[in-house]
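Quick note: the sequence shown uses our numbering, first residue 4, plus one each step.
Beta carbons: idealized from backbone N, C-alpha and C, even for Gly.
Report on the following structure.
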Amino acid sequence: MKSIKKQFNLSICLNSAGIGRVTEYVLSTTFDCIDSLELNKQFCETYRKKFQNEKFFGQVFNNSLHEFEFTGKEKYHCMWFQYVLEHLTDTDLIAFLKKCKKNLARKSSKNDDSQTGYLIIKENTILKHKKSFLADKKDSSMIRHKRVLDEIFEKCGFEIVQSFQQPHFPEEFHPTYIWILS
């Protein structure tokens, strides 16, 4: 990523930005412009106060994923999702991922308009259950089977570049998978 950074001004849209821990400890050293999307208004205010004077600070969108509309001006090299897609229905997830795909950076040569942006997704999954999802009524989430997520990503036109299970999680936790999609 560092060698690519020398050639481009890299932009990212962080979805479910929270108060900015991922921005501060992971993304700020790599990306030149970080836009964030967060449902919680207080988190947006905290995020804005924390980073508004930083060189990488971009736009803060206070909205839900299923209601959010890209302006069309932003073309991102990366979009980052962490423990948030489980709050969308399958229909809303597919619609949102298709919008994301349209707003990823593309090569700008006359002969090549291929996508150059990536989605990085980190989500809880289920692996051993026969069910395709487990509903959690406490936080209105739906933990999907990894196979179901793979199918949704492919249905939206993404190629799974890589996927792997996050190591060293306690046995009682749901398996967390990370995907890189192009």
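For the stretch 72–152, the continuous beta strand (DSSP E) assignments of 3+ residues that do not extend past its boundaries occur at 81–85, 121–127, 136–139 and 144–147, in sequence order. When rounded, the separation of the alpha-carbon atoms in I123 and I15 is 10 Å. The beta carbon of H132 sits closer than 8 Å to those of H148, all from its chain and outside the five residues before and after it, given in chain order. A residue is called buried once 16 or more other Cβ atoms fall within 10 Å of its Cβ, and L30 is buried on that count. Beta-bridge analysis with DSSP links Y180 to E126 and Q168.
For F34, no beta strand (DSSP E) run applies, since DSSP gives it neither H nor E.
Spanning the alpha carbons of K110 and E175 requires a straight line of approximately 44 Å. Contact check between the stretch 46–61 and the stretch 85–102: fewer than three CB pairs, one atom from each, fall below 8 Å, which does not count as touching. Fewer than three Cβ pairs drawn from the stretch 68–85 and the stretch 156–174 lie within less than 8 Å of each other, which leaves the two stretches out of contact. Under the 10 Å beta carbon count, S143 is surrounded by fewer than 16 other beta carbons and is classified as exposed. The secondary-structure analysis by DSSP pairs I163 across a beta bridge with L184.
The C-beta of Y121 has 16 or more other C-beta atoms within 10 Å across all chains shown, which makes the residue buried.
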